[in-house]
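Colleague: Letter 126 of the sequence shown, counting from 1, is numbered 126 in UniProt numbering, and no numbers are missing. Just so it is clear, CB atoms sit at the ideal spot from N, CA and C, and this is done for glycine as well.
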Amino acid sequence: ALFKDKPTTRGKALLRILMVGLGAMALWFVFMGVFYNVPTAKETLIILIAIFLLSGAFVLLLPLFEGIFDVVSPIRLMELTHPSNPLLKRLQIEAPGTYHHVMTVSTLAEAAAERIGANALLVRGGAYYHDIGKLKRPQYFIENQIEGENVHDTLSPSISALVILSHVQDGVNLAKEYGLPSAMIDFITEHHGTTCLSYFYNRAKEREEYVERDQYCYPGPKPRSKETALLMLADSTEAAVRALGSSVLNVPALNDAIRQVIEAKKREGQLDEVNLTMRDLNDIQQAFAKTLMSMYHTRQIKERK
1 ALFKDKPTTR
11 GKALLRILMV
21 GLGAMALWFV
31 FMGVFYNVPT
41 AKETLIILIA
51 IFLLSGAFVL
61 LLPLFEGIFD
71 VVSPIRLMEL
81 THPSNPLLKR
91 LQIEAPGTYH
101 HVMTVSTLAE
111 AAAERIGANA
121 LLVRGGAYYH
131 DIGKLKRPQY
141 FIENQIEGEN
151 VHDTLSPSIS
161 ALVILSHVQD
171 GVNLAKEYGL
181 PSAMIDFITE
191 HHGTTCLSYF
201 YNRAKEREEY
211 VERDQYCYPG
221 PKPRSKETAL
231 LMLADSTEAA
241 VRALGSSVLN
251 VPALNDAIRQ
261 VIEAKKREGQ
271 LDEVNLTMRD
281 LNDIQQAFAK
291 TLMSMYHTRQ
301 IKERK
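(1) Going by DSSP in three states, A1 sits in which element: helix, strand or coil?
(2) According to the Cβ coordinates, are T195 and Y218 closer than 9 Å?
(3) Of all the alpha helix (DSSP H) runs that stay within the bounds of the segment 127-207, which reach a length of 4 or more residues?
(4) Exposed or buried, D256, counting other C-beta atoms within 10 Å across all chains shown (16 or more means buried)?
(5) Spatial neighbours of Y99 within its chain, please: C-beta separation below 7 Å, excluding the five flanking residues on both sides.
(6) Exposed or buried, what is M278 when buried is set at 16 or more other beta-carbons lying within 10 Å of its beta-carbon?
(7) By the DSSP assignment, the alpha helix (DSSP H) with R259 in it spans what residues?
(8) Quick one: using the 10 Å Cβ neighbour count with 16 as the cut-off for buried, is P138 buried or exposed?
(9) Taking C-alpha atoms, which residue in P86, D170, T40 lies nearest to L135?
(10) Can you check which of these residues, E206, E149, L292, is closest to G245 by C-alpha distance?
(11) For N250, count neighbouring Cβ atoms within 10 angstroms of its own Cβ and tell me buried if that reaches 16, exposed if not.
(12) Cutting at 6 Å between CB atoms, please list the residues of its own chain near G97, excluding the five before and the five after it.
(13) Excluding the five sequence neighbours on either side, which residues of its own chain have a C-beta within less than 7 Å of the C-beta of A287, listed in chain order?
(14) Express the C-alpha separation of M295 and R304 in angstroms, rounding to a whole number.
(15) Is it the case that the segment 161-176 contacts the segment 126-133, given that we only count it when at least three CB pairs across the two stretches are under 8 Å?
(16) Use the C-beta contact count for N202: other C-beta atoms within 10 angstroms, 16 or more gives buried, fewer gives exposed.
(17) Closest to residue 312 by CA distance: which of R213, E206, E190, R242 is it?
(18) Determine the direct distance from the alpha carbon of V241 to that of V123, and round the result to whole angstroms.
(19) Between Q260 and chain E, is there a C-beta pair that is closer than 9 Å?
(20) I'd like to know whether the C-beta atoms of M232 and V72 end up nearer to each other than 9 Å.
(21) Assign E238 to buried or exposed, taking buried as 16 or more other Cβ atoms, counted over all protein chains shown, within 10 Å of its Cβ.
(22) Just to confirm my understanding: we take K176, look at its own chain, exclude 5 residues before and 5 after, and list those with CB closer than 8 Å. What are they?
(23) Quick check: the Cα distance between L271 and S236, rounded to an integer number of angstroms?
(24) Excluding the 5 residues preceding and the 5 following A253 in the sequence, name in chain order all residues of the same chain whose CB lies nearer than 8 Å to its CB.
(25) For D283 and V261, what's the separation of their Cα atoms in angstroms?
(26) Is A234 near A127, with beta carbons less than 9 Å apart?
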């Protein structure tokens, strides 16, 4: 079990390193005993001390290197995605609808990442934190609203758009406050790219003669990596599929909804800065469809019990 799963904490990583070191030491003993002389007690003690010191130094110095070079190691990603992380606990308690949304998006994006050979663990981490900005005003986002109550019904389109758009910068501020690496911040800033809030923009045009479109669009940047692009596609797909309601288990309808999302992002130029081939996009669509069918089918079975 120790080597079957990925280490989720630095303590477990240290234990794994020690086990590898001790295993290597045992092999060395066998080698020396067969071809040379069995090591003395003093030599054995020196080797043991060296193994413990080097293992400890690696685990202790890794966070320092992560901070200096602003890199995120697999161990750090496992820590960030652990349910006990303070930000994730806040999201679960203060914005439960958003928490459920990011878990679904994470499952979709991770499945697609594995399908096209992207960094699945990085995608999972980015998905978990991409919407943390909603913690500032959770009730303004539909997934956290009580059915029949929409705060935007009492607001002007411009104010509604301002609140919705601000969740990106609010997320960046919160990420910096909690010391998240820049790799996570990239998912926050890029998951909407430069897309626009068409619903509020069209409402504004119905009320006013002239409306500046840029005021209803996210500032970007567009996704610059396969991982952030996958998150954008998974995020939009989850919303589109949620709107299908009971039709979600209709395979043609599901595939059509996913295809429309991917084609729209491509047509809008949101994927222009990412090297995703047509084969990649087809694989992503298939991964999304397979994952969603499995998720909703399982959910339907549970609801019948």
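Modeller: Judging by the given coordinates:
(1) For A1, the predicted structure reports a pLDDT of 37, less than 50, and the residue's modelled location is therefore unreliable. The matter cannot be settled from this model.
(2) yes
(3) With a minimum length of 4 residues, the continuous alpha helix (DSSP H) runs that stay inside the segment 127-207 are 157-177, 182-190, 198-207.
(4) exposed
(5) L91, Q92.
(6) exposed
(7) 251-267
(8) buried
(9) D170
(10) L292
(11) exposed
(12) Closer than 6 Å at Cβ, skipping near neighbours: E143, N144.
(13) A111, A112, R115
(14) A caution first: R304 carries a pLDDT of 49, below 50, which makes its placement in the model unreliable, though a value can still be read off. Cα to Cα, the separation comes out at about 15 Å.
(15) yes
(16) exposed
(17) In the structure as shown, the chain begins at 1 and stops at 305. Residue 312 is therefore absent and cannot be evaluated.
(18) 20 Å
(19) The chain inventory of the structure shown lacks chain E, comprising one protein chain alone.
(20) Going by C-beta atoms, M232 is not nearer than 9 Å to V72.
(21) buried
(22) I185
(23) 13 Å
(24) L244, S247
(25) Spanning the alpha carbons of D283 and V261 requires a straight line of approximately 14 Å.
(26) yes
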